[in-house]
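See below for the structure under consideration.
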Amino acid sequence: MSFELENGKTVTICQNPESSALTYYYGTLGDPPELEYRVALLGTIPEWSFSADLPELVE
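Right under this line is the structure:
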């Protein structure tokens, strides 16, 4: 999952296919991440998906 913030920065959260870790990246696309954080994935919900217009969630 990836989305752009109002300040032009991008947040990306993805699962590493070789492990049970989630990685969070913050920064400008095309540049090295300003913040990179890995955490163990504690569980999953099979065949679950979520879709929403994030600005609508804030309003």
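The number in this note's numbering is simply the position in the sequence shown, starting from 1, with 17 added. C-beta: ideal position from N, C-alpha, C; glycine also. If you're wondering where the values come from, they're calculated on a predicted model, not measured in any experiment.
- Apart from the 5 residues on each side of it in sequence, T29 sits with its Cβ closer than 6 Å to the Cβ of S19 and Y42 in its chain, given in chain order.
- Using a Cβ distance threshold of 9 Å, R55 and T45 do not count as a contacting pair.
- E21 and C31 have their alpha carbons spaced roughly 15 Å apart.
- DSSP places T45 in the coil class of the three-state scheme, outside both helix and strand.
- According to DSSP, S19 shares a beta bridge with T29.
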